[in-house]
Ligand SMILES: [Zn+2]
Ligand SMILES: [Zn+2]
């Protein structure tokens with residue numbers, strides 16, 4: 018059983034209303050022993066219909082986290098993390114933020130491509146079908162080549178979740194060159210990737226990234242692999258984690274990774 022969830026949001030993130038305490042209590046109920054909150058910090062997030070700014074009040078977040086970390090320390094380990102939304106125009110702000118706190122764990126993610134979130138319909142109207150994921154991956158490649166203050170890259174093929182064409186199906190070879198270069202860059206930089214189970218909630222039959230990407234990552238020498246539900250409410254804590262041990266071991270993985278003070282620790286699957 019996987020007992021750590023390393024991608025979680027609470028009301029400290031614009032798009033969640035969950036109290037941190039309710040999330041911790043749910044994790045304990047599920048038998049988890051370690052969780053990491055990874056609240057959103059997306060500098061210069063474009064104006065959107067829901068008026069989310071995705072800017073973090075780090076002081077308030079940290080104060081509540083360390084209070085609750087202490088309160089529940091005999092039951093669960095609560096780690097201090099963040100998910101930074103990277104864009105080519107915000108690397109300096111992201112780097113300063115990443116270095117401003119002693120985070121246990123930092124996810125680098127791409128949420129915005131050319132001023133659009135793939136979650137909004139305009140993205141796939143602009144880049145239909147395969148163009149959407151291709152453009153998304155091109156932006157990730159630029160990010161990992163230039164930006165280094167993170168531990169793992171989040172949901173590598175996130176754009177797939179929102180493709181409106183229901184006949185769309187991810188085929189590794191359509192993106193092989195881009196994906197290989199991204200994975201090699203991440204591995205050579207000593208970073209990792211995550212398995213994000215939120216994809217299951219969006220009707221995908223696999224987590225993000227696709228198992229073919231995970232398999233290639235391992236073949237190229239990738240070792241650091243964290244596991245996160247990307248849960249924004251207690252009901253989504255450790256979402257479908259029961260599917261992962263069999264999937265990951267069938268791909269050849271023997272360990273998954275957790276972080277403390279941005280150093281990886283490996284746990285047998
Ligand atoms: Zn994300
Ligand atoms: Zn997230």
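Residue numbers (the working numbering): 18 to 286.
Using N, Cα and C, we set each Cβ at its ideal position, and we do this for glycine too.
Looking only at its chain, what residues have a beta carbon closer than 7 angstroms to the beta carbon of residue i, apart from the 5 residues adjacent to it on each side?
i: residue 238; result: 204
i: residue 176; result: 135, 149, 150, 153
i: residue 185; result: 146
i: residue 75; result: 118
i: residue 286; result: 262, 265, 266, 270, 271, 272, 273
i: residue 70; result: 31, 62
i: residue 268; result: 228, 231, 232, 235
i: residue 138; result: 181
i: residue 169; result: 124, 208, 209, 210, 211, 241, 243
Can you give me the Cβ contacts of residue i inside the same chain, cut-off strictly under 8 angstroms, excluding the 5 residues immediately before and after it?
i: residue 85; result: 37, 38, 41, 95
i: residue 253; result: 215, 218, 246, 247
i: residue 200; result: 210, 230, 233, 234, 237, 239
i: residue 82; result: 37, 54, 95, 97
i: residue 93; result: 41, 44, 45, 49, 50, 51, 52
i: residue 206; result: 161, 165
i: residue 29; result: 37, 54, 56, 73, 74, 77, 78, 81
i: residue 89; result: 41, 45, 95
i: residue 91; result: none
I want to check one thing, is the minimum distance from the CB of residue i to the heavy atoms of ligand 2 below 8 angstroms?
i: residue 26; result: yes
i: residue 57; result: yes
i: residue 247; result: yes
i: residue 124; result: yes
Starting from residue i and walking both ways along the alpha helix (DSSP H), at which residues does that stretch end?
i: residue 45; result: 37-46
i: residue 82; result: 75-88
i: residue 322; result: Shown here, the chain extends from 18 to 286; a query on residue 322 therefore has no answer.
i: residue 152; result: 147-163
i: residue 218; result: 215-218
i: residue 141; result: 138-143
i: residue 262; result: 261-268
First and last residue of the beta strand (DSSP E) that includes residue i?
i: residue 22; result: 21-25
i: residue 234; result: From DSSP, residue 234 is part of no beta strand (DSSP E) but of the alpha helix (DSSP H) over 228-236.
i: residue 242; result: 242-245
i: residue 107; result: Run containing residue 107: none; DSSP gives neither H nor E here.
i: residue 272; result: 272-277
Would you list the one or two residues that DSSP bridges to residue i?
i: residue 170; result: 125, 210
i: residue 53; result: 96
i: residue 281; result: 276
i: residue 101; result: 58, 125
i: residue 130; result: 133
i: residue 248; result: 25
i: residue 225; result: 213
What residues in its chain sit with their C-beta under 6 angstroms from that of residue i, if we drop five residues either side in the sequence?
i: residue 21; result: 51, 275
i: residue 241; result: 209, 274, 281
i: residue 167; result: 123, 125
i: residue 257; result: 214, 217
*So which residues put a beta carbon under 6 angstroms from any heavy atom of ligand 1, going in chain order?*
Here the list is 100, 126, 128, 171, 172.
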